[in-house]
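Chemist:
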Amino acid sequence: MDRIEIKGTKVFRGEVTPPPDKSISHRAVFFSSLAKGTGSVRNFLRAQDTLSTMHAFRSLGVDIRDDGQVMIVTGKGIHGLSEPSDVINCGNSGTTIRLLSGVLSGNPFFSVLTGDDSLRSRPMARVITPLSRMGAVITARAGDRYPPLAIRGGGLKPLSYEMPMASAQVKSSILLAGLYAGGETVVTEPARSRDHTERMLPAFGADLRVDGLNVTVRGGRDLSPVDIVVPGDISSAAFFMVAALVIPGAEVMIRNVCINPTRTGIIEALRSMGAVMKTENVRDISGEPVADIYCRGEAGLKSVEIGGEIVPSLIDEFPILCVAAALADGVTTIRGAEELRVKESDRIAAMAAELRKMGVEIEEFPDGLSIRGTGRLTPAVVESHGDHRIAMAMTVAGLAAEGVTVIQGASAVGISFPDFFDMIGRCSS
Ligand code: S3P
Numbered sequence: 001m002d003r004i005e006i007k008g009t010k011v012f013r014g015e016v017t018p019p020p021d022k023s024i025s026h027r028a029v030f031f032s033s034l035a036k037g038t039g040s041v042r043n044f045l046r047a048q049d050t051l052s053t054m055h056a057f058r059s060l061g062v063d064i065r066d067d068g069q070v071m072i073v074t075g076k077g078i079h080g081l082s083e084p085s086d087v088i089n090c091g092n093s094g095t096t097i098r099l100l101s102g103v104l105s106g107n108p109f110f111s112v113l114t115g116d117d118s119l120r121s122r123p124m125a126r127v128i129t130p131l132s133r134m135g136a137v138i139t140a141r142a143g144d145r146y147p148p149l150a151i152r153g154g155g156l157k158p159l160s161y162e163m164p165m166a167s168a169q170v171k172s173s174i175l176l177a178g179l180y181a182g183g184e185t186v187v188t189e190p191a192r193s194r195d196h197t198e199r200m201l202p203a204f205g206a207d208l209r210v211d212g213l214n215v216t217v218r219g220g221r222d223l224s225p226v227d228i229v230v231p232g233d234i235s236s237a238a239f240f241m242v243a244a245l246v247i248p249g250a251e252v253m254i255r256n257v258c259i260n261p262t263r264t265g266i267i268e269a270l271r272s273m274g275a276v277m278k279t280e281n282v283r284d285i286s287g288e289p290v291a292d293i294y295c296r297g298e299a300g301l302k303s304v305e306i307g308g309e310i311v312p313s314l315i316d317e318f319p320i321l322c323v324a325a326a327l328a329d330g331v332t333t334i335r336g337a338e339e340l341r342v343k344e345s346d347r348i349a350a351m352a353a354e355l356r357k358m359g360v361e362i363e364e365f366p367d368g369l370s371i372r373g374t375g376r377l378t379p380a381v382v383e384s385h386g387d388h389r390i391a392m393a394m395t396v397a398g399l400a401a402e403g404v405t406v407i408q409g410a411s412a413v414g415i416s417f418p419d420f421f422d423m424i425g426r427c428s429s
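In terms of our numbering, the sequence shown has 285 at position 285, counting the first letter as 1, and numbering is strictly consecutive.
#1: Helix, strand or coil for L223 per DSSP?
#2: Can D207 and R199 be called in contact, C-beta distance under 7 Å?
#3: Have a look at the DSSP bridge pairing and note the partners of C258.
#4: Taking C-alpha atoms, which residue in R141, A28, G77, A275 lies nearest to R122?
#5: Determine which residues share a DSSP beta bridge with P20 and list them.
#6: Between P19 and D227, is the Cβ-Cβ spacing less than 7 Å?
#7: Taking Cβ positions, are S345 and D316 nearer each other than 7 Å?
#8: How is the alpha helix (DSSP H) around T95 delimited, first residue to last?
#9: According to the neighbour-count rule (16 or more other Cβ atoms, all chains shown, within 10 Å of its Cβ), is V70 buried or exposed?
#10: Using DSSP with H/G/I as helix, E/B as strand and the rest coil, what is E309?
#11: Got a sec, what are the start and stop residues for the alpha helix (DSSP H) S52 sits in?
#12: Am I right that I247 and L399 are in contact with their C-beta atoms under 8 Å? What's the rounded C-beta distance?
#13: Between which residues of its own chain and V342 is the CB-CB distance below 8 Å, once the five residues before and five after are set aside?
#14: Hey, would you say the C-beta of S173 is under 6 Å away from at least one heavy atom of the ligand S3P?
#15: Can you tell me whether A397 sits near the ligand S3P, meaning its C-beta is under 6 Å from at least one heavy atom of the ligand?
#16: Are the beta-carbon atoms of L377 and I334 separated by less than 7 Å?
#17: Among S85, D117, A125, which one has its Cα closest to the Cα of S101?
#18: Could you check whether the Cβ of A168 sits closer than 6 Å to any heavy atom belonging to the ligand S3P?
#19: For S161, which option in Y180, E184, P379 has the closest C-alpha, if you only look at C-alpha atoms?
#20: Leaving out five residues on either side along the sequence, give the residues of the same chain with a beta carbon under 7 Å from the beta carbon of G135.
#21: What does the alpha-carbon distance come out to for the pair G37 and G80?
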C-alpha cells in the first residue's frame, strides 16, 4: 500500500467522522501518566505518532492498558517514573520527543530519545536551550541540535522564557518541566499556538494560568487522574473540507470536529476564499469546543493572502491549503510560515515540487510560497516525502484532477490517519 492510485472524481459526498485529535491524544497520555492513580482516555487516536507516546510511557514504568475502546492509564505521579532500560524511540513524532524532553528533564535519571530519519533531522535546540537553563543536562547530535538526545534530569529551577517562535511543543515542554521546578515558570509566545496543554493540565490539578501570551505554571503539585474524551481532529477533517470545496457539486458533513480557536485558521482561510461552510451543533467535550461542519463545493474558490497571526492556527493545514490555492481563481500568497520548513518534511519545498508536477505555477520564498490557481490539475506520479500530510494533500489534488494520480509513499498516512484512504473511497464512489 505504499503506492496508491487516485482516480479523479466528479462525486464527493457523505458524512464522515475524522480520527481523534492527535495533539489532544498525546497530551491525554502524557498527563494521565504523570497523575497519581487511574484515569481513562476515550476515543484515543490509535495511529503511529500517538502510539509512540504510549510506548514511551510504558518504557518509563507506567501501566497503560488498551482494549481498543478505552485506554486505562495508571500513573505513579510526577516523581514515579522509572529510568528506561533502553533508548526511547519516538518514531516520527515531534510532539512525543519535545514534550517528553520536558518531562525527563525533571526526572533524576538518564534517558536517550531518538526517532526515525525525519525526526532525527528536526531542530531540538528550541527545547534543549530552555530546559538546560532550568538545570537539565542535555546533549545531542551535531552540536546539541538534532536527536538522539541524552538527558540527565532533576533539580530544576523555574524559568521565565521568551520563545523565539510560536510552538505548542516548545511551550508544553517547558510547562511540563515547570511542574518539577519549585516556584513559577513563565513562557511567553510571540503569537498564540494551540492551547490544549493550558486547557487540559488544570483539569489534572496543575496550578496554571494564562495571561495574554504568557502562560505560568507553579511547580511542586501532584496531578490527579481525569477521564478524558478526545474530540475529532480538525487537521484530519481539513482534507475532507477542501475535497468538498474543490470538487463541483460535492457535499460533506464532518462530525465531531474540535473547533478550538487556536486551530481554526483553516476555516477562516477557506471562508475568506469564498467557501460555503456551516458550523453546527457546537458543544463542549473535555474542555474543548466541538462542532459538526458542513461543506459544499458550490462556487469556485478565490485566492487569498495568508500571513501574520493566523499562521500558527493553521500550521498543519498548509499542505491542503496549497491544494485549495492551486484550484482557486488568482494568486494565493503565504508568508511568515518558515516553520513549515522544519516539519515532518520541508513542507514548502515538498508542496511546491509536487504541485508543479501537476502543472501548477509556484514561486517559493524562505517563509512561504505563492501559487497561481489553475482551472485544472494534470495527473502525475507524486511523492509523499514520507510526510503524512503531504500524502493526504496530494490525494485530494488527485481527486480533483482528471485521470489517475499515483501517490508514492502513501503509507505515511498511518502517522495520523490510518483509515484515510478508506474514508476517501467511501465519499468518492
Ligand atoms: C503540535 C504542535 C505543532 C504542530 C504539531 C503538533 C502539538 O508543532 O505542527 O503537528 O501537538 O503541540 P510546533 O510546536 O512545532 O508548532
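Where a beta carbon is used, it is the ideal one built from N, C-alpha and C, also for glycine.
Modeler: Let's see:
#1: As a first step, residue 223 must be located in the sequence shown, where it is residue number 223. Under the three-state reduction of DSSP, L223 is assigned to strand.
#2: To locate residue 207, count along the sequence shown from 1; it is residue 207. To locate residue 199, count along the sequence shown from 1; it is residue 199. Their beta carbons are not under 7 Å apart, which means D207 does not touch R199 by this criterion.
#3: If you number the sequence shown from 1, residue 258 lands on position 258. In the DSSP output, where bridge partners are listed per residue, C258 has V290.
#4: As a working note, residue 122 is residue 122 in the sequence shown. Nearest in C-alpha terms to R122, of all of R141, A28, G77, A275, is R141.
#5: Indexing the sequence shown from 1 puts residue 20 at position 20. DSSP lists G232 as partners of P20.
#6: Mapped onto the sequence shown, residue 19 falls at position 19. Mapped onto the sequence shown, residue 227 falls at position 227. Cβ atoms of P19 and D227: not closer than 7 Å.
#7: In the sequence shown, counting from the first residue as 1, residue 345 sits at position 345. In the sequence shown, counting from the first residue as 1, residue 316 sits at position 316. Taking C-beta atoms as the reference points, S345 and D316 fail to come closer than 7 Å.
#8: What you label residue 95 is simply residue 95 of the sequence shown in a count that begins at 1. Start and end: 94 to 105.
#9: As a position in the sequence shown, residue 70 is number 70, starting the count at 1. Label assigned to V70: exposed.
#10: Here residue 309 is taken as the residue at index 309 of the sequence shown, counted from 1. Secondary structure of E309 (DSSP, three-state): helix.
#11: By one-based count along the sequence shown, residue 52 stands at place 52. First-last of the alpha helix (DSSP H) with S52: 48 to 59.
#12: By one-based count along the sequence shown, residue 247 stands at place 247. By one-based count along the sequence shown, residue 399 stands at place 399. Confirmed, about 7 Å.
#13: Counting from one through the sequence shown, the residue named residue 342 turns up at place 342. Close CB contacts of V342 within its chain, under the 8 Å cut and outside five residues either way in sequence, are with R122, P123 (chain order).
#14: Here residue 173 refers to the residue found at position 173 of the sequence shown. Because no heavy atom of the ligand S3P lies under 6 Å away, the Cβ of S173 does not count as near it: no.
#15: By 1-based counting over the sequence shown, the position of residue 397 is 397. Not under cutoff, so the answer is no.
#16: Within the sequence shown, residue 377 is the residue found at index 377, counting from 1. Within the sequence shown, residue 334 is the residue found at index 334, counting from 1. Taking the C-beta atoms as reference points, I334 is found no nearer than 7 Å to L377.
#17: Taking the sequence shown and counting its residues from 1, one reaches residue 101 at position 101. The residue among S85, D117, A125 with its C-alpha nearest the C-alpha of S101 is A125.
#18: Locating residue 168 in the sequence shown gives position 168, counting from the first residue. In terms of side-chain proximity, the C-beta atom of A168 is found nearer than 6 Å to a non-hydrogen atom of the ligand S3P.
#19: Here residue 161 refers to the residue found at position 161 when the sequence shown is read from its first residue. Looking at the sequence shown, residue 161 is not Ser but Tyr. Selected option, being the one with the closest Cα: E184.
#20: Mapped onto the sequence shown, residue 135 falls at position 135. Here the set comprises G155, L156, K157.
#21: Translated into positions along the sequence shown, residue 37 becomes position 37. Translated into positions along the sequence shown, residue 80 becomes position 80. Between G37 and G80, the alpha-carbon positions lie close to 11 Å from each other.
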